[in-house]
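Before any comments, here is the structure.
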Amino acid sequence: MSKKFIKQFLPKRLLPRLLLIFLVPLIIIQCSVIFFFYDRHWEKIVNRFSNIASNNINLIINQYQINGFNTAKNIAGKLNINLRIEEELQVNSKIKSPLEKKIHETIKSRVNKDINIDFNKNFVSVFHGIDNGHLKMDFPRKYLLSETPTIYILWIISTSLILSLIAFLFLRIQIRAIFRLANSAEEFGRGKKIEKFKPEGALEIRSAGNAFMKMRSRINNYIDQKTSFLAGISHDLGTIITRIKLRLELLENQREIKDIKKDIEIMQVFLKEYLDYSKEIKITSFVKVNLQNIISEVIQLSKFKKKGIKINCSKNLFVMTDKNSLYRIIFNLFENACKYGDKIEISAKKQDNKLKIIIEDDGPGIENQFRKKVFKPFYKIDNSRNLNEGGSGLGLSIAKELAKKIKARIHISKSGKLKGSLFSITLPLFN
Numbered sequence: 126m127s128k129k130f131i132k133q134f135l136p137k138r139l140l141p142r143l144l145l146i147f148l149v150p151l152i153i154i155q156c157s158v159i160f161f162f163y164d165r166h167w168e169k170i171v172n173r174f175s176n177i178a179s180n181n182i183n184l185i186i187n188q189y190q191i192n193g194f195n196t197a198k199n200i201a202g203k204l205n206i207n208l209r210i211e212e213e214l215q216v217n218s219k220i221k222s223p224l225e226k227k228i229h230e231t232i233k234s235r236v237n238k239d240i241n242i243d244f245n246k247n248f249v250s251v252f253h254g255i256d257n258g259h260l261k262m263d264f265p266r267k268y269l270l271s272e273t274p275t276i277y278i279l280w281i282i283s284t285s286l287i288l289s290l291i292a293f294l295f296l297r298i299q300i301r302a303i304f305r306l307a308n309s310a311e312e313f314g315r316g317k318k319i320e321k322f323k324p325e326g327a328l329e330i331r332s333a334g335n336a337f338m339k340m341r342s343r344i345n346n347y348i349d350q351k352t353s354f355l356a357g358i359s360h361d362l363g364t365i366i367t368r369i370k371l372r373l374e375l376l377e378n379q380r381e382i383k384d385i386k387k388d389i390e391i392m393q394v395f396l397k398e399y400l401d402y403s404k405e406i407k408i409t410s411f412v413k414v415n416l417q418n419i420i421s422e423v424i425q426l427s428k429f430k431k432k433g434i435k436i437n438c439s440k441n442l443f444v445m446t447d448k449n450s451l452y453r454i455i456f457n458l459f460e461n462a463c464k465y466g467d468k469i470e471i472s473a474k475k476q477d478n479k480l481k482i483i484i485e486d487d488g489p490g491i492e493n494q495f496r497k498k499v500f501k502p503f504y505k506i507d508n509s510r511n512l513n514e515g516g517s518g519l520g521l522s523i524a525k526e527l528a529k530k531i532k533a534r535i536h537i538s539k540s541g542k543l544k545g546s547l548f549s550i551t552l553p554l555f556n
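For the sequence shown, this note's numbering assigns the number 126 to the initial residue and increments by one for each residue that follows.
Quick look at the structure:
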């Protein structure tokens with residue numbers, strides 16, 4: 126419980142954490158130095174100055190009582206003390222600091238006479254009552270309070286601030302290298318081409334950067350090999366299928382020819398989807414997209430456009446995203462809904478700074494235990510999803526991968542309105 130409570134107040138980012146690690150010990154050390162200096166050194170000096178001042182006060186008062194005012198004034202002048210007689214007692218200031226209190230207590234305890242002390246801006250005045258008024262002794266303030274400790278403390282603080290600023294600049298350079306590595310990894314994960322990344326910073330950060338570049342090279346080589354392999358297979362099979370179609374034209378049994386042609390068309394769809402899945406998904410650019418136009422285009426180009434389709438989307442609903450990727454996501458989810466339902470509803474709405482697109486149908490729905498698995502390549506729930514439906518099991522997988530590239534999320538639930546499946550796409554309005 127205590128660890129969770131402490132973590133709430135700790136910074137989440139690396140740079141503030143490093144600054145905290147640097148500054149906390151520095152502040153503790155500086156406070157300790159200032160405290161011990163004040164307690165051991167400053168108070169001793171002030172106490173010593175107060176004792177000297179007390180001896181001088183006793184000397185001046187005794188000389189005044191024995192030899193008179195002039196003699197006392199001459200002695201005071203030699204001690205750099207201004208001596209005069211005041212008719213009235215004028216003590217205006219109050220004791221403000223612990224050091225003034227220390228001086229006041231020390232002088233009071235050391236001087237065996239009735240005195241009053243007044244702390245002014247430039248002087249410390251000591252009053253002693255006499256027959257015709259008060260004997261006033263003005264000590265220069267620096268006589269009792271040294272300026273050296275104040276200068277020392279200011280020097281410590283200013284030096285610490287300068288060193289902290291220098292440390293911040295160096296830490297920022299190191300953190301910048303980590304941020305660039307993280308951003309490059311993020312862009313690579315989203316399918317973007319990385320051109321200007323160069324490992325920099327400390328040796329450990331450069332090692333991580335070099336490891337990332339080697340990993341990127343291996344992954345790109347693997348993707349290229351896989352794409353070339355599947356493209357070759359698709360090309361070879363496509364050639365064979367074309368030859369089969371040409372030979373079918375020479376056959377006479379039209380019923381069998383029709384069935385064979387249907388199987389060939391399904392094979393061609395499969396080959397196309399396999400090839401699309403094998404290709405590396407690339408994001409071209411993020412542009413301002415009118416969502417209603419994309420939905421209308423999806424429906425017009427779909428072979429299921431004659432089904433009962435309802436659209437609930439504002440004409441002025443725009444989003445910054447990759448147009449082709451969003452189109453393919455909506456198209457795949459819409460085709461999936463049309464395969465298993467007769468009524469389909471597509472709606473879109475804003476939620477805070479996000480856009481939510483909902484595609485629901487009146488089909489059999491998808492049970493909870495299958496909702497994560499349906500996004501796996503080639504996965505089919507049951508026998509009802511057979512080859513005659515024309516699906517390869519890659520449509521939802523492609524939609525899921527594209528959603529990751531544009532920072533969108535796809536969620537499956539049960540439709541409360543149509544009682545079938547509900548696919549929701551959530552993506553930021555501004556990417």
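Even glycine gets a Cβ: it sits at the ideal position worked out from N, Cα and C.
Where D256 sits in the DSSP three-state scheme: DSSP places D256 in coil when its eight states are reduced to three.
Using a threshold of 8 Å, state whether the C-beta atoms of D477 and G433 are closer than that. The answer is no: Cβ separation not under 8 Å.
Run through DSSP, which three-state label would V216 get? Note: V216 maps to coil in three-state DSSP.
By how many angstroms is the C-alpha of K498 removed from the C-alpha of R510? Residue confidence is low: R510 scores 42 on pLDDT, short of 50, so the model does not pin down where it sits. Its coordinate-derived value is still stated next. The alpha-carbon separation between R510 and K498 amounts to approximately 14 Å.
On the DSSP bridge assignment, give the partners of V249 in chain order. In DSSP, V249 forms a bridge with F244 and F264.
By Cβ distance below 8 Å, which residues in the same chain neighbour K227 in space, the five residues on each side in sequence not counted? Excluding sequence positions up to five before and after K227, its CB lies within less than 8 Å of the CB of E168, V171, N172 and S175, all in the same chain and listed in chain order.
A473 - DSSP class collapsed to helix/strand/coil: When secondary structure is reduced to three states using DSSP, A473 falls in the strand class.
Using the three-state DSSP reduction, which class does P553 fall into: helix, strand or coil? P553: strand per DSSP, three-state reduction.
State the DSSP-derived secondary structure class of F548, mapped to helix, strand or coil. F548 falls in the strand class under three-state DSSP.
Residues that L208 bridges to, as DSSP identifies them: When DSSP reads this structure, L208 sits in a beta bridge with M262.
Should T352 be counted as a contact of the ligand GTP given a C-beta to heavy atom distance under 7 Å? The model on display carries no ligand, and the ligand GTP is accordingly not part of it.
How would you write the range of the beta strand (DSSP E) that N437 sits in, first residue to last? Where N437 is concerned, the enclosing beta strand (DSSP E) stretches over G433 to N437.
Sub-8 Å separation of S179 and T231 beta-carbons: In contact: S179 and T231 (Cβ atoms closer than 8 Å).
How would you call R142, buried or exposed, if buried means at least 16 neighbouring beta carbons within 10 angstroms? Exposed is the call here.
What is the residue span of the alpha helix (DSSP H) that S522 lies within? Per DSSP, S522 belongs to the alpha helix (DSSP H) from G520 to K530.
Kindly identify the DSSP beta-bridge partner or partners of K413. Partner(s): M445.
Under 8 Å between C-beta atoms of E329 and A302: Against a cut-off of 8 Å, the Cβ pair of A302 and E329 comes out as no contact.
Once you ignore the five residues that flank G541 on each side, which residues in its own chain have a CB closer than 7 Å to its CB? Here the set comprises nothing.
Could you check the C-alpha separation between R138 and S439 for me, to the nearest Å? Each residue's Cα considered, the two are about 40 Å apart.
Among the residues of its own chain, which have a CB less than 7 Å from the CB of N508, if the five just before and after it don't count? For N508, the predicted model reports a pLDDT of 45, less than 50, meaning its position is unreliable; a value from the coordinates is still stated below. Spatial neighbours of N508 in its own chain (CB-CB distance under 7 Å, excluding positions within 5 residues in sequence) are not present.
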